[in-house]
Each structure stands twice: as C-alpha cells, then as structure tokens.
Amino acid sequence: MNPLEHALHEQRRALDEAFADYDPAAAVQRLASRVVQERLAAELIRPTPPRAPSAGDAGVDETVRTRAAVELEHLCRLVVARLDTTALLSDFVDHRTPAGAVVFGCLLYLTGRTEPAAFWWRFGAGAEDAEAMRFLVLHHCVENDRYDAAWWTRRMPDADPPTRPASDDSDPAADTYVARVEPGIRGVEDPDYGEVCVPHAWLKSRVQAPVEHSPRPGPRASCPTPN
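In this text, residue positions in the sequence shown follow the numbering used here: the first is 927, and each later residue adds one.
Listed below in structure tokens is the structure:
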C-alpha cells in the first residue's frame, strides 16, 4: 500500500468511527422539520398588503380630529398661562404631584413632545385627576384612537362641557412662559416606558416670573363633535 492509499484508508477509518451512530433517516427528518419551520416563519413575517378602510372601522372622523387638535393646543396654552402654574410646577419638581403632572404635560405638548405629554397626563389620570383625563380624551381623538378616547371619557366625572368653543387665539403669555421654561426639560431612559421627559431640578428658578391669569378650562366629556 503506497503512502497515498494508506492516508486515504486512515481517513476513511476515522470517518467511520466518527459517524458510527449516525442515523440517516433521523437526519432527513430533522432537515424536513427545519424546512417547514423556516417556511412558517417566512409566512409570519411577510408584510400584509394594506387593506382599504371599511365602514365598520372604529376611527375618528377627520373633522373631529382637527377640532380636537385645535382645542388641545388651546387648552394647553390656557393651562400654562394660569395663575397657579408656577406653584404647581414647583411642587411637581419635588414631589411629582398629579396636578403638576398635568401642567408639565401641557408644557411638553407645546414644545412638540406629544407622547411624553400623554405619559404625564396618564400619570395624573391615574390619580383620578379629571383635567388629565380630559387631555387624554383629546389626545386620543387626535391620534385617531376612538377606543381609548371613549375609555377615558367614561372614567371622567360628570361635568358640563365648556360653553366657549375652541379657537386659534391664545394668550401670548403662554408662548413667553414656554420659551422661558423649555430648557428645564430633559429626557431620561425608563426601562419600562422608554424615553420619558422630566424636569431639571433648577426648573423652579425658571418659573418664578408671573404670567397673566387665564380662567381654568372646564372638563369636556367626550371628543368634540363635527359641525
């Protein structure tokens, strides 16, 4: 036996020993199972083609969404221009009070932080703050979420809706106030909720200047209705 034949013979013997317990039928079964699983996974992750909206879809009418957005921003401006805003924000910095959470949520909303604003409105609503619930109703109307808007509407205590309709005019003191305190907002990463906005400890030094008093907006019981 020449050296090449001897090397091939030794390699064959090593392979025979390594695969002595090899079961070809079981191997085929494992391969078939893997193919089936991969095909199932491909079906699950395949994008679903868009579906045309039907009459039964539970969405919010576009007119209602527009009116809710106008009213939500208007009420947020009224809140930050109130006489008690400074005291409520100061308490919120130290104690995370529900009423202060509502005001802080309005500040966030007016600086373009919509979801962080809703986070603090939910915080206030969890403490049965009717004003926080009203803001959540409007927020969910704007977000085209009729189910959550209706849920928070049912949670609100009975109250007459405001007689003054929402409008685009706003107290200019609100813009001044928001511009002054916006640097006091910072984002932190929460393990459960993702990024959450909280106030800097020195936010209180930004809220000392008084603003012109505006009336406290009254509760609204549901989404605005289209004309």
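From the three backbone atoms N, C-alpha and C, an ideal C-beta is built for every residue, glycine too.
With residue i and residue j assumed to form a contact (beta carbons below 8 Å), what rounded beta-carbon distance in angstroms separates them?
i	j	result
R991	N1070	6 Å
E1115	E1121	6 Å
A1013	G1031	16 Å between Cβ atoms; not a contact.
Keeping to the same chain, check which residues put their C-beta closer than 6 Å to that of residue i; ignore five residues upstream and five downstream.
i	result
P1117	none
P1024	G1050, A1053 and D1055
W1047	G1031, A1058, F1061 and L1062
L970	Low confidence applies here, because L970 scores a pLDDT of 38, under 50, leaving its location unreliable and the question unanswered by this model.
C1123	L1034, R1039, P1042, I1111 and G1113
E931	none
H935	none
Do you know offhand how far residue i's Cα is from residue j's?
i	j	result
G1050	A1105	24 Å
A1099	T1011	12 Å
L1064	S1131	31 Å
Y1073	D1020	34 Å
P1083	F1045	21 Å
V996	S1016	28 Å
A1169	F1018	The structure shown has nothing for residue 1169, since the chain only spans 927 to 1153.
E999	V1029	13 Å
W1077	W1128	36 Å
N928	Q937	14 Å
V1133	T1079	32 Å
Are the CB atoms of residue j and residue i within a distance shorter than 7 Å?
i	j	result
L1036	C1002	yes
Spatial neighbours of residue i within its chain, please: CB distance less than 8 Å, with the 5 preceding and 5 following residues excluded, ordered by chain position.
i	result
R1081	A1051 and M1059
R1022	F1049
Restricting to Cα atoms, I'd like to know which of the options is closest to residue i.
i	options	result
T1102	V1006, A995 and D987	V1006
D987	W1128, L1129, V1133 and A1075	A1075
Ordered along the chain, which non-local residues of its own chain (more than five positions away) have a Cβ less than 7 Å from that of residue i?
i	result
D942	none
H1126	G1110 and R1112
Y1119	F1045
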